[in-house]
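Student: Take this structure first; my questions come after.
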Amino acid sequence: MTAPPRLLLIVSGSIAAYRALELVRLLRQQGIEVQPVMTQAATAFITPLSLEVLCGRPVRQTLFQAGQESEISHISLARAPDLVLVYPATANLMAKMAHGLADDLASTLLLATTAPVWLAPAMNGKMWENPATQANRAILEQRGVKFLGPEEGLMACGENGTGRAMAPEKLAAALQQHFQDSVSQPPGNAASTEDPLPLTGRHILVTAGPTVESIDPVRFLSNHSSGRQGYAIAESLSRLGARVTLVSGPVALPCPPGVERIAVRTAREMLQACESALPADAAVCVAAVSDWRPETTASGKLKKDGPAPPALRLVENPDILATLSHSPQRPALVVGFAAETDQHRLHGGLKLARKGCDWLLVNDVSEGRVFGGTTNQVLFLDGKQEEVWPEMSKRDLAMKLAGHIRNFLAGPQVMPADITKT
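Every letter in the sequence shown is one number past the one before it in our numbering, and letter 286, counting from 1, is 286.
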């Protein structure tokens with residue numbers, strides 16, 4: 001009879017620690033053996049007794065626990081499981097892992113284990129987006145650590161953002177699938193960890209954020225785009241193995257791990273950066289580009305003490321989506337986003353035809369929706385059919401779109417772009 005899967009569960013000090021109790025209940029129902037470990041900070045949120053009762057095993061908390069040294073060492077504890085899961089994973093524990101610190105039982109186990117390691121982060125959104133946390137995440141991913149979440153939504157601090165621990169139900173399903181796949185894999189034919197990702201060898205251009213057109217040294221024309229959707233798409237494509245060039249207007253977001261970012265300010269700078277990034281297999285134009293710019297930019301601050309407001313003459317900016325769609329180096333797939341306030345199907349269909357792109361995702365931005373938020377709802381158009389994508393997190397929408405792009409580029413008729421020219 002096949003032995004039940006063995007999971008080493010490390011619970012660290014986050015308000016989301018209580019969710020580990022529900023996760024254990026679900027895992028035990030699946031027949032998974034769970035050995036619990038808690039950090040000192042975790043005991044401030046849940047009691048070791050609660051976890052011990054649910055797991056049916058003693059909770060390990062310290063490196064040197066009286067009466068247990070001869071029974072089981074921290075080294076054998078690290079080598080016993082089929083998988084190690086940290087749920088929830090704090091920014092502090094991620095930093096320890098990234099830099100090889102081993103000053104308590106949890107960090108020592110993570111340094112000593114040879115089993116696969118999964119992290120389900122939980123923290124304030126600003127902490128998650130901090131460049132230090134993202135750098136640690138990139139280091140850990142390069143070492144083969146798998147991240148599940150965090151998810152977007154309302155957090156314990158009362159803020160909306162990316163930082164919620166993945167729901168226990170989702171995590172339990174992912175673990176069950178992992179262990180089932182491990183059992184069904186014939187001996188000697190285990191999938192190689194070096195198998196190429198589906199978009200390996202593909203180059204994808206993504207634009208994100210707003211553009212800024214100066215009126216004078218103080219004032220400018222711009223919009224409310226936060227860049228969240230474009231950055232999430234760039235990250236999702238990179239996770240599928242693509243080499244991603246992200247041309248970004250001014251935003252307050254860290255560059256996604258493994259993505260090349262080119263910072264621009266104006267629409268003309270964005271177009272120049274996009275054309276320089278060609279050839280590419282696909283272009284995803286998410287940026288909210290200013291349609292107009294001032295004909296001239298004042299060298300000094302415009303004063304308001306005159307008899308009348310100064311006249312502001314506008315000229316049209318280049319259309320980046322249309323330019324890429326008709327470029328001699330046109331990518332095999334060009335995807336655009338369109339912000340509309342009404343008659344989405346009509347305006348979206350006309351724009352799809354006028355721009356010449358392959359797909360168009362139409363946002364409803366009426367009543368302050370989408371811009372700056374964490375969710376999105378789009379109408380997907382490809383010239384043949386339309387599909388309403390229900391409201392979801394911007395990260396989930398990014399993964400859905402990345403899957404569509406992966407399937408398109410997997411077609412035998414789509415040859416990789418000659419990226420040696422970039």
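Even for Gly, the Cβ is constructed at its ideal location relative to N, Cα and C.
Buried or exposed: which applies to Gln441, given that a residue is buried once 16 or more other Cβ atoms fall within 10 Å of its Cβ?
Tutor: Residue 441 is absent from the model: the chain starts at 1 and stops at 422.
Student: Which two residues bound the contiguous beta strand (DSSP E) that contains Val315?
Tutor: Leu314 to Glu316 is the span of the beta strand (DSSP E), which, as asked, contains Val315.
Student: Expressed to the nearest angstrom, what Euclidean distance is found between the alpha-carbon atoms of Ala44 and Gly13?
Tutor: Rounded to the nearest angstrom, the two C-alpha atoms are 7 Å apart.
Student: In this structure, does DSSP put Arg261 in helix, strand or coil?
Tutor: It is a strand residue.
Student: Rounding to the nearest angstrom, what Cα-Cα distance links Phe380 and Thr374 in this structure?
Tutor: Roughly 19 Å separates the two Cα atoms.
Student: Using the Cβ count rule (16 or more neighbours within 10 Å means buried), how would you classify Lys355?
Tutor: By the 10 Å Cβ count, Lys355 comes out buried.
Student: By the three-class DSSP mapping on this structure, what secondary structure does Gln385 have?
Tutor: Here Gln385 sits in coil by DSSP.
Student: When you compare only the Cα positions, how much space is there between Ala417 and His203?
Tutor: Distance between the alpha carbons of Ala417 and His203 is about 7 Å.
Student: Report the residue from Leu93, Gln272, Thr296 and His99 whose alpha carbon sits nearest the alpha carbon of Asp216.
Tutor: Comparing Cα positions, the closest option is Thr296.
Student: Just to confirm, is the Cβ distance from Leu278 to Ser225 under 8 Å?
Tutor: It is not a contact, given that the beta carbons lie outside the stated cut-off.
Student: Within a Cβ cutoff of 6 Å, which residues of the same chain sit near Ser222, ignoring the five residues on either side of it in sequence?
Tutor: Taken in chain order, the residues that qualify are Pro210 and Val212.
Student: Under 8 Å between the Cβ atoms of Leu26 and Ala172?
Tutor: Yes, the pair counts as a contact, with Cβ atoms nearer than the cut-off.
Student: Could you give the uninterrupted runs of the beta strand (DSSP E) lying entirely in the stretch 261-335, keeping only those of 3 residues or more?
Tutor: Qualifying beta strand (DSSP E) stretches, in chain order: 282-285, 292-294 and 314-316.
Student: For Pro36, collect the residues of the same chain with a Cβ closer than 6 Å to its Cβ; drop the 5 residues on either side in sequence, then sort them by chain order.
Tutor: So the qualifying residues of the chain are Leu9, Leu51, Cys55 and Val59.
Student: Using a Cβ-Cβ cutoff of less than 6 Å, which residues in the same chain neighbour Gly98 once the five nearest sequence positions on both sides are dropped?
Tutor: The question names Gly, but residue 98 is Ala in the sequence shown. Closer than 6 Å at the Cβ level, and outside the excluded window around Ala98, lie Asn136, Ile139 and Leu140.
Student: Quick check on this structure: which residue in Glu33, Arg219 and Leu199 has the alpha carbon closest to the alpha carbon of Lys304?
Tutor: Considering only alpha carbons, the answer is Arg219.
Student: Under the rule that 16 or more other beta-carbon atoms within 10 Å means buried, what is Lys394, buried or exposed?
Tutor: When all chains shown are included, Lys394 counts as buried.
Student: Would you say Val251 and Ala234 are within 8 Å of each other, going by their C-beta atoms?
Tutor: Contact flag unset, no.
Student: The alpha helix (DSSP H) that contains Asp396, what's its start and end?
Tutor: First-last of the alpha helix (DSSP H) with Asp396: Lys394 to Leu409.
Student: Of all the options Ala242, Trp292 and Gly153, which has the alpha carbon lying nearest to the alpha carbon of Leu409?
Tutor: Per the Cα distances, Ala242.
Student: Does the Cβ of Gly403 have 16 or more other Cβ atoms within 10 Å, making it buried, or fewer, making it exposed?
Tutor: Its Cβ having fewer than 16 others within 10 Å, Gly403 is exposed.
Student: Is Leu314 near Arg293, with beta carbons less than 8 Å apart?
Tutor: Contact: yes.
Student: Where does Pro331 land, buried or exposed, given buried means 16+ other C-beta within 10 angstroms?
Tutor: With 16 or more Cβ atoms within 10 Å of its Cβ, Pro331 is classed as buried.
Student: Per the DSSP calculation, Gln423 is bridged to which residue(s)?
Tutor: Limits of the chain in this structure are 1 at one end and 422 at the other, which puts residue 423 out of reach.
Student: Asp342 to Gly348, Cα distance in whole Å?
Tutor: For Asp342 and Gly348, the distance between alpha carbons rounds to 10 Å.
Student: Tell me, which residues are paired with Gly161 by DSSP?
Tutor: According to DSSP, which records beta bridges pairwise, Gly161 is partnered with Gly153.
Student: Is it buried or exposed, Leu397, if we count other Cβ atoms within 10 angstroms and call 16 or more buried?
Tutor: When all chains shown are included, Leu397 counts as buried.
Student: Let me check understanding here. Comparing Cα to Cα, which of Ser238, Met392, Ala282 and Ala106 lies closest to Thr200?
Tutor: Comparing Cα positions, the closest option is Ser238.
Student: Leaving out five residues before and five after Lys146 in sequence, what residues of the same chain have Cβ atoms less than 6 Å from its Cβ?
Tutor: The answer, listed in chain order, is Trp118.
Student: Given that a residue counts as buried once 16 or more other Cβ atoms are within 10 Å of its Cβ, and exposed if not, what is Gln29?
Tutor: That one is exposed.
Student: Residues in the same chain with beta-carbon distance under 6 Å from Ser366, minus the five sequence neighbours each way, listed in chain order, please.
Tutor: Closer than 6 Å at Cβ, skipping near neighbours: Thr341.
Student: Check the C-beta distance from Asn363 over to Ala322 and give it rounded, since I have them as a contact under 8 Å.
Tutor: So it is not a contact: roughly 18 Å between Cβ atoms.
Student: Near Leu197, what residues of its chain come up, given a Cβ to Cβ distance below 7 Å and the 5 sequence neighbours on each side ignored?
Tutor: If we look at Leu197 and ignore the five residues flanking it on each side, its Cβ neighbours are Leu240 and Gly241.
Student: May I have a chain-ordered list of the beta strand (DSSP E) segments no shorter than 3 residues that lie completely inside the stretch 81-117?
Tutor: DSSP runs (the beta strand (DSSP E)) wholly in the stretch 81-117: 83-89.
Student: Can you tell me whether Ala232 is buried or exposed, with buried defined as 16 or more other CB within 10 angstroms of its CB?
Tutor: Buried.
Student: Is it buried or exposed for Ser448, if we count other Cβ within 10 angstroms and need 16 for buried?
Tutor: For the chain, the structure presents residues 1 to 422; residue 448 sits outside this window and is missing.
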